[in-house]
Amino acid sequence: DIPSLFSTIEDFLWFILSAVQDFPGGSSSNEGLVPYSLDDLQAYLNKFEPSYYTKNGKDPLVYPYILLLSIQLLPAISYLSKEAGEEEYHIDAAHIAIVLADNGVLSEVSGAGQKLGVMDAYAEASSIIRQYGSMYLRLGNLQMALEYYAQAAAAVGGGHVSWTGRGSVDQQRQMNLMLKQLLTEILFRDGGVYLLLGSRGAGEEGELRRFLTDHKARQQFLLEAARQCLDSGLYDKSIEIQKRIGAFSMALDTINKCLSEAICALSRGRLDGESQTAGLIHSGNEILETFKYYPEVSFQEREHVSEQQTILRQLETILSIHKLTRLGQYLDALREVAKIPFLPFDPRAPDTSADVFQNLSPHVQACLPDLLKVAITCLDNVSDTDGSLRAMRSKIATFLANNMRQNWPRDLYEKVAKSL
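Under the working numbering, read the sequence shown as residues 1 to 420, first letter to last.
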């Protein structure tokens with residue numbers, strides 16, 4: 001350490017690097033001499049705090065420069081991404097991480113006293129790239145986010161080799177997992193479906209085809225993404241994805257679920273329920289119309305679509321009864337109740353012992369307690385001139401008694417009992 005020999009620390013480091021020798025097993029070509037290793041250099045440099053090199057922040061780039069010169073690659077880009085403070089340095093960190101990962105130069109030696117496996121090193125670089133890409137996601141720039149996310153997935157897969165299929169099985173698996181996770185993040189955002197899938201189809205015209213070239217792989221990915229949307233309450237997004245991949249019965253089931261919930265909310269006085277139900281019915285009818293002209297539909301899918309169409313029409317009927325009741329058209333509402341083919345409330349029809357409730361969809365079942373309350377309200381507001389209304393009351397009471405195990409709201413039982 002003779003500072004007067006070197007005008008800058010860079011000159012000193014280049015000199016020390018030239019003295020570094022690598023002998024297998026730590027042996028020396030000259031007996032009795034211990035070679036100066038890269039570990040020795042890194043340990044020496046790391047004796048000093050970062051502030052020593054940056055002069056307490058006045059020269060923030062000196063420290064990462066020293067780390068890079070001493071082949072401490074991950075600590076260098078990590079410092080740039082987290083500690084340097086300036087946004088420009090975060091950009092540098094992401095781009096350096098891309099280059100290092102893509103060229104496969106991240107080795108097991110990450111720094112003095114810090115040994116990381118190869119997979120861990122690539123995962124760290126990937127995390128830095130991903131964090132930078134997420135900034136664009138938050139800003140709504142999905143195209144830029146996609147490019148950085150693709151690089152992050154490639155990094156965890158070993159860089160350039162991941163795209164050519166020359167990486168290890170584990171690297172390929174890690175890459176595919178992260179890629180699908182990051183693509184799903186983008187898909188969930190406004191404009192994500194259009195970016196990845198294009199204006200139509202299941203990804204043939206969008207960016208998704210770049211990353212998932214196999215048709216079946218795209219279908220499977222989108223099915224899983226639609227399920228995640230459903231679990232997250234992103235129903236519109238789920239329906240759109242399901243429509244794109246031709247999963248019409250699944251899309252209709254989602255619509256029926258939402259319509260059932262909207263009808264229940266509407267019956268409890270929610271103000272926006274009417275516009276929501278109208279939109280859902282319109283979406284359902286659009287799907288049914290598209291389904292008519294969709295090629296290569298299996299027999300099983302046709303059966304499922306038919307079932308969901310029946311449920312949609314049943315929910316429409318229930319909704320129409322609620323609307324008539326709110327308008328004070330009680331007699332018209334009761335006529336609709338009597339005409340319901342899936343409930344035994346027609347006063348002119350013979351009594352049936354069939355358990356019709358069990359044959360109904362859960363989406364329809366959820367609407368029945370409020371429907372029964374509405375029917376009783378209508379009966380209480382219409383004069384019984386021929387005994388038919390008394391017969392309808394009796395049928396409703398019998399239906400309720402046959403389904404005591406459903407644990408419906410207590411006020412429903414009280415309302416029916418009071419009506420009798």
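Using N, Cα and C, we set each Cβ at its ideal position, and we do this for glycine too.
task: Run through the stretch 198 to 250 for me and flag every whole alpha helix (DSSP H) of 4 or more residues, listed as ranges in chain order.
output: Segments of the alpha helix (DSSP H) lying fully in the stretch 198 to 250: 208 to 211, 215 to 231, 235 to 244.
- request: Please report how far the alpha carbon of L208 lies from the alpha carbon of L280, in whole angstroms.
  value: Position 208 of the sequence shown, counted from the first residue, corresponds to residue 208. Position 280 of the sequence shown, counted from the first residue, corresponds to residue 280. Going from the Cα of L208 to the Cα of L280 covers about 28 Å.
query: Secondary structure at Q171, three-state DSSP: helix, strand or coil?
result: Along the sequence shown, read from residue 1 onward, the residue named residue 171 stands at position 171. Collapsing the DSSP output to three states places Q171 in a helix.
message: Let's see if you can read the secondary structure: which residues bound the alpha helix (DSSP H) around I71?
response: Taking the sequence shown and counting its residues from 1, the one referred to as residue 71 is at position 71. Membership of I71 in any alpha helix (DSSP H) is not indicated, and neither H nor E is assigned to it by DSSP.
task: Starting from the Cα of H322, find the closest Cα among F211, L74, V374, G104 and give me that residue.
output: In the sequence shown, residue 322 corresponds to position 322, counting from 1. By alpha-carbon distance to H322, the top candidate from F211, L74, V374, G104 is V374.
field: Proximity below 8 Å, CB of L259 to CB of L223
entry: As a first step, residue 259 must be located in the sequence shown, where it is residue number 259. As a first step, residue 223 must be located in the sequence shown, where it is residue number 223. No, the Cβ-Cβ distance between L259 and L223 is not below 8 Å.
Per-residue burial, H363 [other beta carbons within 10 Å of its own, 16 or more giving buried]: Along the sequence shown, one-based indexing puts residue 363 at 363. By the neighbour-count rule (16 or more Cβ atoms within 10 Å), H363 is buried.
- request: Measure from the alpha carbon of V297 to the alpha carbon of each residue in I245, L331, K415, E286, then state which is nearest.
  value: Counted from its first residue, the sequence shown places residue 297 at position 297. Ranking the options by Cα distance to V297, first place goes to I245.
- request: Could you spell out the range, first to last residue, of the alpha helix (DSSP H) harbouring P369?
  value: As a first step, residue 369 must be located in the sequence shown, where it is residue number 369. Counting along the chain, the alpha helix (DSSP H) containing P369 begins and ends at 368 to 380.
- request: Return the CA-CA distance between E124 and G198, expressed in angstroms with no decimal places.
  value: Taking the first residue of the sequence shown as position 1, residue 124 is located at position 124. Taking the first residue of the sequence shown as position 1, residue 198 is located at position 198. The alpha-carbon atoms of E124 and G198 are separated by roughly 32 Å.
- prompt: When burial is assigned at 16 or more other CB atoms within 10 Å of the CB, is T277 buried or exposed?
  reply: Here residue 277 corresponds to residue number 277 of the sequence shown, with the count starting at 1. Counting every other CB atom within 10 Å of its CB across the protein chains shown gives T277 a total of 16 or more, marking it as buried.
Neighbour flag for D11 against chain D, beta carbons, 8 Å: No chain D is present in this structure, which holds just one protein chain.
message: G165 and A101 - do their beta-carbons sit closer together than 8 Å?
response: If you number the sequence shown from 1, residue 101 lands on position 101. If you number the sequence shown from 1, residue 165 lands on position 165. No Cβ-Cβ contact shorter than 8 Å links A101 with G165.
- prompt: Is the beta carbon of P344 sitting closer than 8 Å to the one on F399?
  reply: Locating residue 344 in the sequence shown gives position 344, counting from the first residue. Locating residue 399 in the sequence shown gives position 399, counting from the first residue. Remark: C-beta atoms of P344 and F399 approach each other more closely than 8 Å.
field: Sequence-distant residues of its chain with Cβ nearer than 7 Å to L331 (five each side left out)
entry: On the sequence shown, residue 331 is found 331 positions in, with the first residue counted as 1. These residues qualify, in order along the chain: V382.
message: Quick check on K47: does DSSP put it in helix, strand or coil?
response: Taking the first residue of the sequence shown as 1, we reach residue 47 at position 47. In the structure shown, K47 sits in coil (DSSP, three-state: anything other than H, G, I, E or B).
- request: Can you have a look at M404 and say buried or exposed, based on whether 16 or more other CB atoms are within 10 angstroms of its CB?
  value: Residue numbering aside, residue 404 sits at position 404 when the sequence shown is read from its first letter. By the neighbour-count rule (16 or more Cβ atoms within 10 Å), M404 is not buried but exposed.
R393 - DSSP class collapsed to helix/strand/coil: By 1-based counting over the sequence shown, the position of residue 393 is 393. Here R393 sits in helix by DSSP.
- prompt: Span of the alpha helix (DSSP H) holding Y148?
  reply: Position 148 of the sequence shown, counted from the first residue, corresponds to residue 148. Element bounds for Y148: 142 to 156.
- prompt: Distance, Cα to Cα, P50 vs L74?
  reply: Locating residue 50 in the sequence shown gives position 50, counting from the first residue. Locating residue 74 in the sequence shown gives position 74, counting from the first residue. Here the C-alpha atom of P50 lies approximately 15 Å from the C-alpha atom of L74.
- prompt: Does the separation of the CB atoms of M178 and V156 fall below 8 Å?
  reply: As a first step, residue 178 must be located in the sequence shown, where it is residue number 178. As a first step, residue 156 must be located in the sequence shown, where it is residue number 156. Going by C-beta atoms, M178 is nearer than 8 Å to V156.
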